[in-house]
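Asks:
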Amino acid sequence: KLPNVEKNFDKAYYSAILDKSMKYNVPYAVTYAGFAYRKDKVGDIPVDSWKVFECEKMKGRMALLSDMRETMGGALKYLGYSLNSENPAEIEKAADLVIKWKKNIAKFDNEQYKTAVASAEWYVGHGYSSDSTQIMEDSEDVGFVLPKEGFSIACDEMVISSQAPNPELAHKFINYLYDAQVAKKNMEYVMAPMPVAPALAALDDDVKSKVVVPPETLCRGEVLRDFDENPEVRELYVKAWDRIKATEAK
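Just so we're aligned, residue 54 is where the sequence shown starts under the working numbering, counting upward by one.
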């Protein structure tokens, strides 16, 4: 029922999806967590590393995602560990590092970075590539970079509920989104890559440079694993995040 998916899916994106069998899921769009930043404000301060959050010169002008896995994942990558670490000692070290970063950030935030970086209220905002590239479309002073130590990869997926009233139409819609021309227009609007090979190939160079991550960079990314089936590990992260939020920045 999904001939466009069979024909057009770009197998290079298998690494970005959790269920590679695609039995119940069809990948929609891929995003990466990195740093939106003001080129005109950071000067010669390197912004391609998680180390930027140790920079006292930009105290109060930076923000980290208010997301347990994303922000602790960044600290784990900076320390040389997997962002899916299950090691209690590594998770605790990551929490200690985020607490160290906390004194230099304005806040933990999931939304405001989109406007705060654009307006230069903040100079660096930890956020998602699709949001950041949309900001870049409106301001040449905004850039986006993926940290050299590593970053998270996420893929939105399309699924059909078992209770869906019109599954035939749902299949047609998913198939429609995998049409090459439709996917190209969609990517130009949402500024995030879809794993639709002919659409990616047809993108203008300017758009492609903003939404397509080269393989040599992509290899530094990791997909966040779900720990719902491993509650003991999830509890380690929850306790560490609670400690981060409760510790007063000094």
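Note that CB positions come from ideal geometry on N, CA and C, so glycine has one too.
As the structure is a prediction and not an experimental result, all values here were calculated from the model.
1) Suppose you measure from the CA of Pro200 to the CA of Val266; what does that come to, to the nearest Å?
2) Using CA atoms only, rank isn't needed, just tell me which of Ile188, Pro246, Glu145 and Tyr231 is closest to Lys92.
3) Please check the pair Val195 and Val170, which I expect to be a contact at CB under 8 Å, by giving their CB distance rounded to whole angstroms.
4) Please return the same chain residues whose Cβ sits closer than 8 Å to the Cβ of Leu313, not counting the five positions on each side in sequence.
5) From Met111, Tyr229 and Met121, pick the residue whose C-alpha is nearest to that of Trp294; which is it?
6) Does Pro248 pass the burial test, meaning 16 or more other C-beta atoms within 10 Å, or should it be called exposed?
7) Could you give the DSSP three-state label for Phe280: helix, strand or coil?
8) Take Val100 and list the residues in its own chain whose beta-carbon comes closer than 7 Å to its own, dropping the five residues that flank it on each side.
9) Please classify Cys272: is it buried, with 16 or more other beta-carbons within 10 angstroms of its beta-carbon, or exposed?
10) Answer yes or no: do Trp154 and Tyr166 have a C-beta to C-beta separation smaller than 9 Å?
11) In terms of DSSP beta bridges, what is Met115 paired with?
12) Determine the direct distance from the alpha carbon of Leu222 to that of Phe204, and round the result to whole angstroms.
13) Near Glu143, what residues of its chain come up, given a Cβ to Cβ distance below 6 Å and the 5 sequence neighbours on each side ignored?
14) For Met111, which residues in the same chain have their Cβ closer than 8 Å to its Cβ, ignoring the five residues on either side in sequence?
15) Going by the CB atoms, is the gap between Val79 and Val212 shorter than 9 Å?
16) Could you give the DSSP three-state label for Pro80: helix, strand or coil?
17) Which whole runs of the alpha helix (DSSP H) in the segment 150–197 are 4 residues long or more, in chain order?
18) Pick from Gly274, Phe226, Ser68 and Lys298: whose alpha carbon is nearest that of Pro56?
19) Given Asn61, which residues of its chain have a CB within under 7 Å of its CB, disregarding the five upstream and five downstream residues?
20) Distance, Cα to Cα, Ser215 vs Tyr67?
21) State buried or exposed for Tyr181, treating a residue as buried only when at least 16 other CB atoms are found within 10 Å of its CB.
22) From Lys261 to Ala254, what distance separates their C-alpha atoms?
23) Within the continuous alpha helix (DSSP H) that includes Phe226, where are the two ends?
Replies: Straight from the coordinates:
1) Near 13 Å, if we compare the C-alpha coordinates of Val266 and Pro200.
2) The residue with the shortest Cα to Cα distance from Lys92 is Ile188.
3) Contact flag correct, Cβ pair sits at about 6 Å.
4) An answer regarding residue 313 cannot be provided, because it is not within the stretch 54 to 303 covered by the chain.
5) Of Met111, Tyr229 and Met121, the residue nearest in Cα terms is Met121.
6) With a threshold of 16 other beta carbon atoms within 10 Å, Pro248 meets it and is buried.
7) The three-state secondary structure of Phe280, taken from DSSP, is coil.
8) In its chain, beyond the 5 residues on either side, Phe88, Tyr90, Val177 and Val198 have a beta carbon closer than 7 Å to the beta carbon of Val100.
9) Exposed, by the Cβ-count rule.
10) Using a Cβ distance threshold of 9 Å, Trp154 and Tyr166 do not count as a contacting pair.
11) Among the bridge pairs identified by DSSP, Met115 is matched with Val177.
12) Looking at the two C-alpha atoms, the distance is approximately 36 Å.
13) Hits under 6 Å: Tyr134.
14) Closer than 8 Å at the Cβ level, and outside the excluded window around Met111, lie Val95, Ile98, Val105, Asn157, Tyr176 and Val177.
15) Taking the C-beta atoms as reference points, Val79 is found nearer than 9 Å to Val212.
16) Of the three classes helix, strand and coil, the one that applies to Pro80 here is strand, per DSSP.
17) List check, alpha helix (DSSP H) in window: 166–169 and 182–191.
18) The option with the nearest alpha carbon to Pro56 is Phe226.
19) Cβ within range, chain order: Tyr231, Ala233, Val249, Ala250 and Pro251.
20) Whole-angstrom Cα-Cα distance: 25 Å.
21) With 16 or more Cβ atoms within 10 Å of its Cβ, Tyr181 is classed as buried.
22) Whole-angstrom Cα-Cα distance: 9 Å.
23) Per DSSP, Phe226 belongs to the alpha helix (DSSP H) from Pro220 to Leu230.
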